[in-house]
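Read the structure below first, then the notes.
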Amino acid sequence: MSSFWSIWISVLSLIVIAGCFLLLRVCSKNTTDVKEGESMGHSFDGIEELNNPLPKWWSYMFYITIVFGLVYLALFPGLGNYKGLLNWTSSNQSIGTEKGIKADSAAAIELAAKEGMYVQYDQEVKHANEKYGPIFAAYLATPLEELVKNQEALKVGGRLFLQNCAQCHGSDARGSKGFPNLTDSDWLYGGDLATIKTTIMNGRHGMMPPKGGLPIDDSEIAGLAEYVVKLSGREHDEKLAAQGQGSFMKGCFACHGMDAKGNKLMGAPNLTDDVWLYGGSRGMIEETIKHGRAGVMPAWKDVLGEEKVHVIAAYVYSLSNK
1 MSSFWSIWIS
11 VLSLIVIAGC
21 FLLLRVCSKN
31 TTDVKEGESM
41 GHSFDGIEEL
51 NNPLPKWWSY
61 MFYITIVFGL
71 VYLALFPGLG
81 NYKGLLNWTS
91 SNQSIGTEKG
101 IKADSAAAIE
111 LAAKEGMYVQ
121 YDQEVKHANE
131 KYGPIFAAYL
141 ATPLEELVKN
151 QEALKVGGRL
161 FLQNCAQCHG
171 SDARGSKGFP
181 NLTDSDWLYG
191 GDLATIKTTI
201 MNGRHGMMPP
211 KGGLPIDDSE
221 IAGLAEYVVK
231 LSGREHDEKL
241 AAQGQGSFMK
251 GCFACHGMDA
261 KGNKLMGAPN
271 LTDDVWLYGG
281 SRGMIEETIK
291 HGRAGVMPAW
301 KDVLGEEKVH
311 VIAAYVYSLS
321 NK
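Quick note: the sequence shown uses full-length UniProt numbering, first residue 1, plus one each step.
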């Protein structure tokens, strides 16, 4: 932070505290000609205004907060670049050093928890890795085919799923519009153990360009959507669907296949079932064809590491193979 902004923040912070003190002092004084406890000569709806002083407890509470604020700013960072008398930082604390305890040790973490002290995040992570790392290492050494039979591992995978995956796929893993249901047997890229792990590790980038990137006119979209409706076995307009089949043969089969059952290598969905990622109404199908879709699942290998991904993959597989 530059010196200008450091001074700016420091001055503003102190002005606010000083302003609070002055405002409290002014409000604590009787600046009227009316004695305390007497009427101010104003009433409304049967309620008369009296010149009562501020409650003592209320005033004392605010004085205490002002003193606390000044002491805090003196001890800890808060005034620009000033580091505070305790030289505290969120990334370099010396917890327990006065007792000969290393700041990044498990003992320091326990001491901090016992004495109500704050401890930096990376120290907690390190302590957690020391404690749980061997457990996840053992899970990683276990083949996925065996891990799906380990109920304790699946419970761990379930908790990791709730912490990292439920935001998109839902706490029940049934997904929502644009986010796949993980409890059924419909998989865009494949539902075997190895593929699920690869998906979580590396992420997926699904891409359908507008009109499939094909020479399809807007006038053909309704017919093409009707043909897709026919493929999924629903009631349809046969004449319109026949027109749409011609549009489909312009190149949609390159991804979805001649039988329209999709292609797991490309993540192209099966159009012959009744599972729809973005909605299966005629309107939604037409919107998908016209504007295309771009779905992205982030890669988790750098966020969670292979050990945790390994366990989540086993859990996800178990959801659709109960």
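C-beta: ideal position from N, C-alpha, C; glycine also.
Give the range of the beta strand (DSSP E) segment to which residue 158 is assigned. Per DSSP, residue 158 is not a residue of any beta strand (DSSP E); the alpha helix (DSSP H) it occupies stretches across 151-164.
Three CB pairs or more closer than 8 angstroms across the region 258-274 and the region 304-320: No contact exists between the region 258-274 and the region 304-320.
Please report the straight-line C-alpha distance between residue 134 and residue 217, rounded to a whole angstrom. One Cα belongs to residue 134, the other to residue 217, and the distance between them is close to 59 angstroms.
Answer with buried or exposed for residue 356, where buried requires no fewer than 16 other C-beta atoms within 10 angstroms of its C-beta. What is shown of the chain runs 1 to 322, which leaves residue 356 out entirely.
Measuring alpha carbon to alpha carbon, tell me which of 307, 321, 37 and 228 ends up nearest residue 187. Of the listed residues, the one whose Cα sits closest to residue 187 is 321.
Paired residues, beta bridge with residue 254 - DSSP: Its beta-bridge partners do not exist; DSSP assigns none.
Going by C-alpha distance, which of 178, 132, 177 and 170 is nearest residue 156? Of the candidates 178, 132, 177 and 170, the one whose C-alpha sits nearest the C-alpha of residue 156 is 132.
Any idea which residues DSSP pairs residue 296 with across the strands? 205, per the DSSP bridge assignment.
Ranges of the beta strand (DSSP E) found wholly within the region 10-86, counting only runs of at least 3: Within the region 10-86, the beta strand (DSSP E) runs of at least 3 residues that lie entirely inside it are, in chain order, 39-44 and 47-50.
Same chain, Cβ closer than 8 angstroms to residue 272, neighbours up to 5 away in sequence not counted: If we look at residue 272 and ignore the five residues flanking it on each side, its Cβ neighbours are 231, 232, 233, 259, 260 and 261.
Would you call residue 316 buried or exposed, if buried means 16 or more other Cβ atoms sit within 10 Å of its Cβ? With 16 or more other CB atoms across the displayed protein chains lying within 10 angstroms of its CB, residue 316 is buried.
Can you list, in chain order, the residues of its chain with a C-beta nearer than 8 angstroms to that of residue 19? Leave out the 5 residues immediately preceding and following it. No residues qualify anywhere along the chain.
Bridge partners of residue 176, per DSSP? Residue 176 is bridged to 179.
Enumerate in chain order the residues of its own chain whose CB-to-CB distance from residue 32 is below 7 angstroms, with the five nearest sequence positions on each side excluded. Within the same chain, residue 32 has close Cβ partners 51.
Beta strand (DSSP E) runs contained entirely in the region 207-284, provided each spans 3 or more residues: Restricted to the region 207-284, not a single beta strand (DSSP E) segment is unbroken, complete and at least 3 residues in length.
Can you tell me whether residue 60 is buried or exposed, with buried defined as 16 or more other CB within 10 angstroms of its CB? Exposed, because fewer than 16 other Cβ atoms sit within 10 Å of the Cβ of residue 60.
Tell me whether residue 223 is buried or exposed, calling it buried when 16 or more other Cβ atoms sit within 10 Å of its Cβ. Residue 223 is buried by the Cβ-count criterion.
So residue 178 packs on residue 277, CB below 8 angstroms; how close in whole Å? For a cut-off of 8 angstroms, the C-beta gap from residue 178 to residue 277 is around 6 angstroms, short enough to register as a contact.
Residue 17 beta carbon less than 8 angstroms from that of residue 80: No, the Cβ-Cβ distance between residue 80 and residue 17 is not below 8 angstroms.
DSSP three-state label for residue 309, please. Collapsing the DSSP output to three states places residue 309 in a helix.
Keeping to the same chain, check which residues put their C-beta closer than 6 angstroms to that of residue 83; ignore five residues upstream and five downstream. Hits under 6 angstroms: 77.
Inspect the CB distances between the region 140-148 and the region 283-303 and report whether three or more fall short of 8 angstroms. No contact exists between the region 140-148 and the region 283-303.
Is the beta carbon of residue 173 sitting closer than 8 angstroms to the one on residue 160? Using a Cβ distance threshold of 8 angstroms, residue 173 and residue 160 do not count as a contacting pair.
Mark residue 373 as exposed unless 16 or more other C-beta atoms lie within 10 angstroms of its C-beta, in which case mark it buried. Any question about residue 373 goes unanswered here, given that the chain covers just 1 to 322.
Which same chain residues, not among the five before or five after residue 286, have their C-beta less than 7 angstroms away from its C-beta? The residues are 221, 222 and 225.
Return the chain-ordered list of same chain residues with a C-beta closer than 8 angstroms to the C-beta of residue 296, the five sequence neighbours on each side being excluded. Residues 203, 204, 205 and 206 of the same chain have their beta carbon placed closer than 8 angstroms to that of residue 296, with the five preceding and five following residues left out of the count.
So, for residue 72: in the same chain, excluding its five sequence neighbours on each side, which residues have a beta-carbon less than 8 angstroms away from its beta-carbon? Within the same chain, Cβ atoms closer than 8 angstroms to the Cβ of residue 72 are found at 78, the five residues on either side in sequence being excluded.
What separation, rounded to the nearest whole angstrom, lies between the Cα atoms of residue 171 and residue 275? When rounded, the distance between both Cα atoms is 20 angstroms.
Can you tell me whether residue 142 is helix, strand or coil according to DSSP? Residue 142: coil per DSSP, three-state reduction.
Measure from the alpha carbon of residue 238 to the alpha carbon of each residue in 298, 227, 168 and 22, then state which is nearest. Measuring from the Cα of residue 238, the nearest candidate turns out to be 227.
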